[in-house]
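S.K.: Basically our numbering = 1-based index in the sequence shown + 32.
By construction, the Cβ of each residue, glycine as well, lies at the ideal position given by its N, Cα and C atoms.
From a predicted model like this one, the values you see are computed outputs, not experimental measurements.
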Amino acid sequence: MTGTLLRVLILFLLEVICEGEPTRVGPETMLHPHEQDKLVHQTSRWVLKLFNDSLPFSRAESFCRGQFSSLITLEQSEDKEETVELLRQIGFRSPVWVRDHNRSASKMVALSRQYLEFSALKFPKESHEGFARVTVSFPVLSSISVCVRVQWNTDWNDVSTVFSYAAPVLTNEFQLRGRVDMQGHIHLALIIHGKHFPYKASFANDGAWHHICVTWSRISNHWAIYVDGDRKDMGSGTDMDRDIHGDGILILGQDQDSFGGNFTEPFFGNITDLNIWNVALETIHVRALNLCLATIQEKFFSWNLSLINSHHVVKEVQASLFCPAVHQQMELQGCRTLQGWSDQLPPLGWTDCSDFLPFICRSSPERHHRMEQISKSQSSQPSAFMNQLMKLSNKSQPVLVQQPSGLDSLAQASALLNISVQALEDTQQEGLQPADMVTLIQLLMLTADISSEPSICAGNSSHGNIQELSQHFISVADSIIREDNADKWQAIKEVVNGPMDVVKSIDRMVTRLSPSLTADTDHVTIHSPNIKLELQQQQLKEGSKVLSFCGPGSEAKSILDCISVPHQKIQDLQNNGFYKITLISMWYGSLRPHFNPEENITMEPTVNDGSQRYLGTVLGSSVISTTVLGDDHPVSMAVHFQLQHKVQNSIDAVYDPVCAFWDFDLTPEAGGWWNTKGCEVVSKHYGYTVCYCNHTTNFALLLQVYETQRTPENEKALQVLTFIGCGVSLCGLLFTFILFIAVGVPKSDRTTVHKNLIVALGFAKLLLMCSDWAAENQAACFMVTTLLHLFFMASFCWMLVEGLLLWSKVVSVNISEDRRMKLYYVIGWGLPVLIVGLTLVISRGEYKAQDHCWLSVKTDTIWAFVGPVIFVLMVNAVVLCRVVIVTVSSAHRRAKMLSPSFASKMQTFDLTWAVTRPVLILLPVLGLTWICGVLVHLSVVVSYMFIVLNSFQGLYIFLVYAVYNSEVRNAIKRIKEKRKALSFTNCSQPTSFLPSQRAPITPWSRSPPTSSSPETSETSGPFSSTSTSLVIKNESFKKESFVSFSLRQASGNQVVQLTGFKSSGS
């Protein structure tokens, strides 16, 4: 079932072999095709295939992944029965690997580093004489295990001896030594019975502490070297089949050229936690020791400085060692196995995960048959790419052999990637066929898996070789996820889960090779047309800079796809004891076309208020990912990222961005799915969105598609009409308020309520006019939203006061005016402040809408306005009904006391209308307007209705409170009368008349006229005259109102001038 490229891979395994590389496989049987068919068993749900090649558990899992299948899991009883039936049919009795479904995949967690304090010995570079002797007596040893933690001096490049055990008869009886290569890697080698084995086990000389264990057993004639829990080298055979001599001397830090002396090849650095066993530890025990966990094996020697004599230059120091047991939570009991066809042994058991066992892969019948079709098609009619691949390998036909154990070194993987890149370049015009894509994806999966395996050849790979491998890996991946291959992905969707399988392989490869990639530099960047990879590493210290990464950009001022780790999170790592942070970031620019737009992403719509019809969800951006390593261990870290929208709003649809990540654990059989848990939108902008997620993985923007309700032309028209309408309404309110002040309306509680309502509505209209400009600034938009909420809420609260005032005038008249006004101010201004304050506290980040300056309708925040509005409308409706009932009943009672007539009926109607008119008119004006305001998202027609009603609110109030207000009209009438009287006095000719001769004039008081009076000036002439003035109190006016009369004699006749006036204060 393997593809053709995997067969070509076997070809190169014969040519790219690491010299002296040990291999260990189980019974390999080269089966003919008809015999291989026996290893395949199809059930109703699965196709099971047994691979007789023996591999460790992790390699078996990775190989099944490379076949686009999975290691068998016995979740149900029928799965176990079907598997046993397969083993029974072929008579297979050996145990096989199975995956434990109860053991979840390891996840990154937020680390709080665990440290243990050790007393260590420091071997300074200043002196070559430093050593330490273990003062215990050694017996004859048939097996031995020595584990120690070392910290190499990075400035020393010569051969160093970690420990040497010399017997009286042989000085090089048992010894561990190391040397540093030109690339800065330390290579370890064992000497047993004087035989010097090759320097192969390697690790980075990075100045960190490393746990090293060596084991040997005469019975098994086997030895091994472990570094940090992983077996780096192993072998068998010595020149002499015997035990290790007893009564020897164990020296730390020096090689003994003679028994207990003649020291050479010193070690420089620190040594601690030396422990010795007289048994050969298994891999599971070594891993436990690396995790600072105890083992049940009894130690022959335990680290104790009192049992060690050291040279005076060797100093005792305190070492704080990191123990990863807390966060790795490794299962040390081994890996699950299924016993073959046997009636005596239990079916399920546990075995060391490093053992080599056969295994069974399972896949769906559809995937199995499609994979066979692709393999046969590629074999019978090789594509241009495959022909070029065979040409570059100097072979005419691929080797048709399947061997899962074939690819087991980075050198082999690098060679395959190298010729694959050459073949891709040579066949660029022909392009890849679906079968080529399948085989290349297999190669990426196998390479990603082999990069983490303890390989014999990996230690010989230099930084340049690793970077070249990574570059080729990215180049191959880029050729697979190119946009012009989108239709080909549809042809292989039955086999490959999707392009995120390629992303997963890149993540695994780069994460595991990051220590090697950053060994010589703190910054690595790898580019390809559709992928950008960047590694950044820095030592954690005070003032560590924020780590960020951006995808490629075509223009300097263009909005880039970027991701960053908050500075506080980096500081938290340092506070928790980490000394190094590595940020691995990747950008994928061509994945969106590979997700079929016709296959909507299943997701709950974010706009769930019925405002827009939800059409579906699509991938709307590039994919950006980051992995954070703390001291080379994956850690979970919160990140901020921003991504450009690859799809813009159109005439037919609008898009609402949602921050999401690809969750490989969600529907794992399908390769994962999009998830939004832990991610939220920080801000939305035209063309891009800023997000926050509390973990690291592969991120993208999902755009939820909604049917558009408004065209851009409608939006522009609504914006202009809103500004004009609010301006008209604001003018009406302003004129009303000025009229109240200018005409001298008598002060009353009703007038005070009217003024406060006008002020609240006026400020609300002014803010509404400015809301479109404030939307560009988040802080200003939030402030405008808060003030709009406050003043519109105050408008309705003062409308409620209008109703309560009407109630107090008609229904309940036992409350004093002073007490009423205090209560009204509390309701009119105090209640809105309380509502807005509580809403801000409760809603937190969900107060404001994302794209405009008003309350969010996507959450329950909008009810902080709608709820009180409904309450006010209901209360005022009840008040109006009650007032009308009371007024009508009172009018009827008066009508019964008087003779019924049409005039009395009209008085009843006029009285009811006069009492209820302000509230009865204002109630539908404000109420209907905001009913449309709440439903404005349902239709563009409702939007226009809201703007029209909102525009005429000021005009309505001007008409009701000013034009048809009797108090205002009376005040204006009095002003007109006053001006008319003053004009009559100052500008008109006095009127003369001849009183009756019978009219007595003696009661009038006389006074001589002044020469400056208009009357005397106008009548001055040849006539001699005298005049008399009379002032009479007019009881029909106020106290300060008088009527003035003047009397003068002209030409012998009595003439009287009369002037009436009212003072300006009236």
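#1: For the alpha helix (DSSP H) containing W521, name the first residue and the last one.
#2: Determine the burial state of Y197: buried for a count of at least 16 other Cβ atoms within 10 Å of its Cβ, exposed for fewer.
#3: Just verifying my parser: in three-state terms, what is the DSSP assignment at D287?
#4: With a 10 Å radius around its C-beta and 16 neighbouring C-beta atoms as the bar for buried, classify C913 as buried or exposed.
#5: Looking at C-alpha atoms only, which residue of L800, F170, Y856 and T659 is the closest neighbour of G757?
#6: Bridge partners for C179 per DSSP, in chain order?
#7: Let me know if N982 comes out buried or exposed under the rule of 16 or more other beta-carbons within 10 Å of its beta-carbon.
#8: With H, G and I counted as helix, E and B as strand and the rest as coil, what does DSSP make of G491?
#9: Going along the chain, which residues of its own chain have a beta-carbon closer than 6 Å to the beta-carbon of S386, five neighbours each way excluded?
#10: Would you call T738 buried or exposed, if buried means 16 or more other Cβ atoms sit within 10 Å of its Cβ?
#11: Use the C-beta contact count for W886: other C-beta atoms within 10 angstroms, 16 or more gives buried, fewer gives exposed.
#12: For S172, does the three-state DSSP call read helix, strand or coil?
#13: Please determine, among V686, A467, V722 and L549, the residue with the shortest C-alpha to C-alpha distance to L592.
#14: Please classify G860 as buried or exposed, where buried requires at least 16 other C-beta atoms within 10 Å of its C-beta.
#15: Hey, how far is the Cα of Y879 from the Cα of E1009?
#16: So, at 7 Å on beta carbons, what are the nonlocal neighbours of S622 in its own chain, with the 5 sequence-adjacent residues on each side left out?
#17: If we count Cβ pairs, one from each stretch, closer than 8 Å, do we get three or more for the region 464-478 versus the region 80-100?
#18: Going by DSSP, what residues sit across from F206 in a beta bridge?
#19: Just to confirm my understanding: we take I1033, look at its own chain, exclude 5 residues before and 5 after, and list those with CB closer than 6 Å. What are they?
#20: If you draw a straight line from the alpha carbon of A692 to that of F627, how long is it in whole angstroms?
#21: Nearest-angstrom Cα distance between K331 and T167?
#22: If you run the structure through DSSP and keep just helix, strand and coil, what is D688?
#23: Whole angstroms are fine: how far does the CA of Y720 sit from the CA of N809?
#24: How is the beta strand (DSSP E) around Y724 delimited, first residue to last?
#25: Can you tell which of I223, G301, V194 and W129 has its C-alpha closest to the C-alpha of K157?
#26: Note down the Cα distance separating V671 from K716, rounded to an integer number of angstroms.
#27: On the CB-based measure, 16 or more other CB atoms within 10 Å of its CB, does R394 come out buried or exposed?
#28: Pick helix, strand or coil for W694, following the three-state DSSP scheme.
#29: Would you list the one or two residues that DSSP bridges to T659?
#30: Once you ignore the five residues that flank I283 on each side, which residues in its own chain have a CB closer than 6 Å to its CB?
#31: Within 10 angstroms of its Cβ, does V470 collect 16 or more other Cβ (buried), or is it exposed?
#32: Measure from the alpha carbon of S1102 to the alpha carbon of each residue in L464, H555 and C179, then state which is nearest.
#33: I want to check one thing, is the minimum distance from the CB of D279 to the heavy atoms of the ligand FMN below 8 Å?
#34: Alpha carbon to alpha carbon, how far is S998 from T783? Give it in angstroms, no decimals.
#35: Is the beta carbon of T247 less than 9 Å from the beta carbon of S175?
#36: What separation, rounded to the nearest whole angstrom, lies between the Cα atoms of V791 and L765?
M.R.: In short, the structure shows the following:
#1: Position 489 of the sequence shown, counted from the first residue, corresponds to residue 521. Unbroken alpha helix (DSSP H) run through W521: A518 to A523.
#2: Taking the first residue of the sequence shown as position 1, residue 197 is located at position 165. Y197 is buried by the Cβ-count criterion.
#3: Within the sequence shown, numbered from 1, the residue matching residue 287 stands at position 255. The answer is strand: DSSP assigns D287 an E or B state.
#4: Here residue 913 refers to the residue found at position 881 of the sequence shown. Exposed, by the Cβ-count rule.
#5: Here residue 757 refers to the residue found at position 725 when the sequence shown is read from its first residue. That would be L800, whose Cα lies nearest to the Cα of G757.
#6: The residue labelled residue 179 in the question sits at position 147 within the sequence shown. Paired residues: C245 and N307.
#7: In the sequence shown, counting from the first residue as 1, residue 982 sits at position 950. Classification of N982: buried, given that the 10 Å Cβ count is 16 or more.
#8: Residue mapping note: residue 491 aligns to position 459 of the sequence shown, counting from 1. Residue placement at G491 is flagged as unreliable, the pLDDT there being 44, under the threshold of 50; a coordinate-derived value is accordingly withheld.
#9: The residue you call residue 386 lines up with position 354 of the sequence shown. So the list reads P88 and T315, once near-sequence residues are dropped.
#10: As a first step, residue 738 must be located in the sequence shown, where it is residue number 706. Position check: residue 738 holds Tyr in this sequence, whereas Thr was assumed. Classification of Y738: buried, given that the 10 Å Cβ count is 16 or more.
#11: Within the sequence shown, the letter at position 854 stands for residue 886. It is buried - the Cβ of W886 has at least 16 other Cβ atoms within 10 Å.
#12: Sequence index remark: in the sequence shown, residue 172 carries index 140 (1-based). According to the sequence displayed, residue 172 carries Val and not Ser. It is coil, neither helix nor strand.
#13: Here residue 592 corresponds to residue number 560 of the sequence shown, with the count starting at 1. Nearest C-alpha to L592: V722.
#14: By 1-based counting over the sequence shown, the position of residue 860 is 828. Buried is the call here.
#15: Working through the sequence shown from its first residue, we reach residue 879 at position 847. Working through the sequence shown from its first residue, we reach residue 1009 at position 977. Taking the straight line from one Cα to the other gives about 55 Å.
#16: Taking the first residue of the sequence shown as 1, we reach residue 622 at position 590. Counting only Cβ-Cβ distances below 7 Å, and skipping sequence neighbours, we find I513, R514, E515 and N562.
#17: yes
#18: Counting from 1 along the sequence shown, the entry for residue 206 is found at position 174. Looking at the DSSP assignment, F206 forms a beta bridge with Y197 and I224.
#19: On the sequence shown, position 1001 is the one that residue 1033 refers to. Confidence is the limiting factor: at I1033 the pLDDT is only 40, short of 50, which leaves the residue's position unreliable, though a coordinate-based value still follows. Answer for I1033: no residue qualifies.
#20: For the purposes of this step, residue 692 is taken as residue 660 along the sequence shown, with counting starting at 1. For the purposes of this step, residue 627 is taken as residue 595 along the sequence shown, with counting starting at 1. If I take the Cα positions, the gap works out to 15 Å.
#21: What you label residue 331 is simply residue 299 of the sequence shown in a count that begins at 1. What you label residue 167 is simply residue 135 of the sequence shown in a count that begins at 1. Approximately 15 Å, taken between the alpha carbons.
#22: Mapped onto the sequence shown, residue 688 falls at position 656. Reduced to three states, the DSSP call for D688 is strand.
#23: Here residue 809 corresponds to residue number 777 of the sequence shown, with the count starting at 1. Here residue 720 corresponds to residue number 688 of the sequence shown, with the count starting at 1. Rounded to whole angstroms, N809 to Y720 spans 15 Å at the Cα level.
#24: Residue mapping note: residue 724 aligns to position 692 of the sequence shown, counting from 1. Start and end: Y720 to C725.
#25: Numbered from its first residue, the sequence shown carries residue 157 at position 125. Among I223, G301, V194 and W129, the Cα nearest to that of K157 belongs to G301.
#26: Reading the sequence shown from its first residue, position 639 is the one you call residue 671. Reading the sequence shown from its first residue, position 684 is the one you call residue 716. In a straight line, the C-alpha of V671 is about 17 Å away from that of K716.
#27: As a first step, residue 394 must be located in the sequence shown, where it is residue number 362. It counts as buried.
#28: Taking the sequence shown and counting its residues from 1, the one referred to as residue 694 is at position 662. If DSSP states are grouped into helix, strand and coil, W694 belongs with the strands.
#29: The sequence position of residue 659 within the sequence shown is 627, counting from 1. DSSP lists I616 as partners of T659.
#30: Counting from 1 along the sequence shown, the entry for residue 283 is found at position 251. Around I283: F163, R165 and S196.
#31: One-based indexing of the sequence shown puts residue 470 at position 438. With 16 or more other Cβ atoms within 10 Å, it is buried.
#32: Residue coverage of the chain in this structure runs from 33 to 1098, which leaves residue 1102 outside it and unanswerable.
#33: No copy of the ligand FMN appears in this structure; indeed no ligand is present at all.
#34: Position 751 of the sequence shown, counting from 1, holds the residue named residue 783. Position 966 of the sequence shown, counting from 1, holds the residue named residue 998. So the two alpha carbons sit approximately 12 Å from each other.
#35: As a working mapping, residue 247 is identified with position 215 in the sequence shown. As a working mapping, residue 175 is identified with position 143 in the sequence shown. Closer than 9 Å, so yes.
#36: Here residue 791 is taken as the residue at index 759 of the sequence shown, counted from 1. Here residue 765 is taken as the residue at index 733 of the sequence shown, counted from 1. Going from the Cα of V791 to the Cα of L765 covers about 8 Å.
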